[in-house]
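Just below is one structure, and these are the notes that go with it.
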Amino acid sequence: MKASLSTLLVSLPVLAYAQGAAPQSLRAEARREEPGRFVLDVSGEVPGAADGAPVELRLAPAGGDLRTVARGRVEGGRFAVRIGGGERWLLPGAYALEARTHAGAARLDLRVGSPDDEARERRAVRQKVALLLDATYLIYHGLASWGGALSAHAAAARERFGGRVPRSLAQQIAGEWSKVLRVVQRDLPTIRFDHDEFVRSYWFGYAPAADEALRQTFRDLERWRSTLTVRILGDLGVSVPEAVRADAEGLSADEARERIRARAAAVRAAVGLPPQPWEVVRAGLPERPGDAKGDVFVSSVSGFRVEKPGPDWSFDASARNPNMRLRIVCRRRDLGGPLLSGVEIRTYPLARRPEEVLRVDENQTRNRWPGFELISERPVVWKGGEEAGQQWIGRELHYRTRAGRGSVVVVQYGLADPRGRRLLCVMSFLGEGLYERWLPTVQRINASFRPVGGR
Numbered sequence: 351m352k353a354s355l356s357t358l359l360v361s362l363p364v365l366a367y368a369q370g371a372a373p374q375s376l377r378a379e380a381r382r383e384e385p386g387r388f389v390l391d392v393s394g395e396v397p398g399a400a401d402g403a404p405v406e407l408r409l410a411p412a413g414g415d416l417r418t419v420a421r422g423r424v425e426g427g428r429f430a431v432r433i434g435g436g437e438r439w440l441l442p443g444a445y446a447l448e449a450r451t452h453a454g455a456a457r458l459d460l461r462v463g464s465p466d467d468e469a470r471e472r473r474a475v476r477q478k479v480a481l482l483l484d485a486t487y488l489i490y491h492g493l494a495s496w497g498g499a500l501s502a503h504a505a506a507a508r509e510r511f512g513g514r515v516p517r518s519l520a521q522q523i524a525g526e527w528s529k530v531l532r533v534v535q536r537d538l539p540t541i542r543f544d545h546d547e548f549v550r551s552y553w554f555g556y557a558p559a560a561d562e563a564l565r566q567t568f569r570d571l572e573r574w575r576s577t578l579t580v581r582i583l584g585d586l587g588v589s590v591p592e593a594v595r596a597d598a599e600g601l602s603a604d605e606a607r608e609r610i611r612a613r614a615a616a617v618r619a620a621v622g623l624p625p626q627p628w629e630v631v632r633a634g635l636p637e638r639p640g641d642a643k644g645d646v647f648v649s650s651v652s653g654f655r656v657e658k659p660g661p662d663w664s665f666d667a668s669a670r671n672p673n674m675r676l677r678i679v680c681r682r683r684d685l686g687g688p689l690l691s692g693v694e695i696r697t698y699p700l701a702r703r704p705e706e707v708l709r710v711d712e713n714q715t716r717n718r719w720p721g722f723e724l725i726s727e728r729p730v731v732w733k734g735g736e737e738a739g740q741q742w743i744g745r746e747l748h749y750r751t752r753a754g755r756g757s758v759v760v761v762q763y764g765l766a767d768p769r770g771r772r773l774l775c776v777m778s779f780l781g782e783g784l785y786e787r788w789l790p791t792v793q794r795i796n797a798s799f800r801p802v803g804g805r
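If you count the sequence shown from 1, you need to add 350 to reach this note's numbering.
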């Protein structure tokens, strides 16, 4: 007799059974239900046992501790139980199985799937864990780069104004940090849920050491967010919620960062992924205002060239966030809405090829902006440079996003470094009603934009 898994997991009452009845002739047959996913049909005999006598099945990966995974009943001196199926499966590999009654137990060593099945599924597990780590790294990198930059900005403001940061400046810096927090609060629960579902899909999980290290990484990211919040808002003189202070207590930002890096390395080792340190690419030195010559700005720091479209526009090299290198500001007051362009350099240390940079950046863009609504997109290519045959591929996106009670159109023109890891990008923001009129001007800025200096 076979029963569904949901039935087997219900605790059964102890029924009458014959003394001395212990399982015999234990058999287990693994069946592939889906690629890489198996169920186990277990059967055996319990001579002399009364019908309805309980049988408990315990299972463990080779070298692990046995745990109860199913229960069944004796009928006609026999029992048959299926382990797995539905939402929980067995990974291919070696297992120990035990069938137990009140009178005794029988044990069987077995293999689920072939060695090729095991190797193939382990590769699939590594790929899934690598994706989870890549998503987690983006949160880590965002906290490290934005948290570091805004912490330095807040500390400098406190020192400059003798501990009394002007309210407008404090609100500006705190507002930038709140944007970072919104991204973390949106993305981290999603990654955690994805990981939990992945773990639950297998009996015994996919790798206990990696599972626990990832869970701790998620918690450390939450506490790191809290320590950075306390530091930034504290320097600005802005009140910090007590729950955030309590969460941050006893953990410094530096300690949290190093702990997360160590856990990420442990996860990779546990599933057999090669080492890949979690680097943070710093924005480095600010741009030099003296690099502006008339309508042309050639960066001697970051290696780009761009033109402003005329005398109504000005260059602003003061850093506003870790990515923004230069702002190109329209000074006209009769526009009826915002009109602004800026050069950003975005770093994706795990993206080793330009195609990967573009893919990761587009995913980030779609998730970053509230109410993202794509208007158009097209591939772009820039050929040239000081290196013979150098070619930068890229993408131009036009999209609408919410801004306060209204919306703005963003024109994003990005070129991916052929060596990977880096995107040079012009971001232009056009208020409501300005898109069609000013798009040709924005396209002139984009057409003038290019990398220089072989950086």
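Even glycine gets a Cβ: it sits at the ideal position worked out from N, Cα and C.
Look up residue i in the DSSP assignment and say whether it is helix, strand or coil.
i: Phe647; result: strand
i: Ala403; result: coil
i: Pro729; result: strand
i: Asp391; result: strand
i: Phe808; result: Nothing in the structure corresponds to residue 808, since the chain is present only between 351 and 805.
i: Arg675; result: strand
i: Gly640; result: helix
i: Val590; result: coil
i: Phe429; result: strand
i: Phe543; result: helix
i: Pro411; result: strand
i: Trp798; result: Here the sequence assigns Ser to residue 798, which means Trp is not the residue at that position. In the structure shown, Ser798 sits in a helix (DSSP, three-state: H, G or I).
i: Gln521; result: helix
i: Asp537; result: helix
i: Trp788; result: helix
i: Glu437; result: coil
Hey, could you find the ends of the beta strand (DSSP E) residue i is sitting in?
i: Arg748; result: One point to set straight first is that residue 748 is His, not Arg, in the sequence displayed. Counting along the chain, the beta strand (DSSP E) containing His748 begins and ends at Gln741 to Ala753.
i: Tyr445; result: Gly443 to Arg450
i: Arg569; result: From DSSP, Arg569 is part of no beta strand (DSSP E) but of the alpha helix (DSSP H) over Pro558 to Leu586.
i: Arg508; result: Segment Pro465 to Arg510 is the alpha helix (DSSP H) holding Arg508; no beta strand (DSSP E) there.
i: Leu773; result: Arg772 to Gly781
i: Gln374; result: Gln374 to Glu384
i: Tyr763; result: Gly756 to Ala766
i: Ala420; result: Arg417 to Arg423
i: Glu657; result: Phe654 to Glu657
i: Ala456; result: Ala455 to Val462
To the nearest angstrom, how far is it from the Cα of residue i to the Cα of residue j?
i: Ser649; j: Pro639; result: 9 Å
i: Val479; j: Val617; result: 8 Å
i: Lys733; j: Gln793; result: 18 Å
i: Pro672; j: Leu531; result: 15 Å
i: Pro385; j: Leu482; result: 21 Å
i: Val761; j: Gly783; result: 14 Å
i: Ala507; j: Gly497; result: 15 Å
i: Leu708; j: Phe388; result: 38 Å
i: Pro729; j: Gly764; result: 10 Å
i: Leu571; j: Glu657; result: 40 Å
i: Phe799; j: Asp484; result: 30 Å
i: Ser495; j: Arg769; result: 21 Å
i: Arg655; j: Glu547; result: 47 Å
i: Val533; j: Gly463; result: 42 Å
i: Trp788; j: Glu694; result: 20 Å
By Cβ distance, which residues of its chain are closer than 7 Å to residue i, with the 5 residues on each side in sequence left out?
i: Ala738; result: Because the pLDDT of Ala738 is 48, which lies under 50, any placement of that residue in the model is unreliable, and the question is left without a value.
i: Ala504; result: Ile523, Ile582, Asp585 and Leu586
What does a CB cutoff of less than 8 Å around residue i pick up in its chain, not counting 5 residues either side in sequence?
i: Leu690; result: Arg677, Ile678, Val679, Cys680, Ser778 and Phe779
Ignore the nearest five residues each way along the sequence and tell me which others in residue i's own chain have a CB closer than 6 Å to its CB.
i: Trp719; result: Thr751
i: Trp527; result: Leu500 and Ile582
Output the boundary residues of the alpha helix (DSSP H) element that contains residue i.
i: Ala616; result: Ala603 to Val621
### Message
As an exercise, report each continuous alpha helix (DSSP H) stretch of at least 4 residues that is fully enclosed by the segment 683 to 732, in chain order.
### Response
704 to 718
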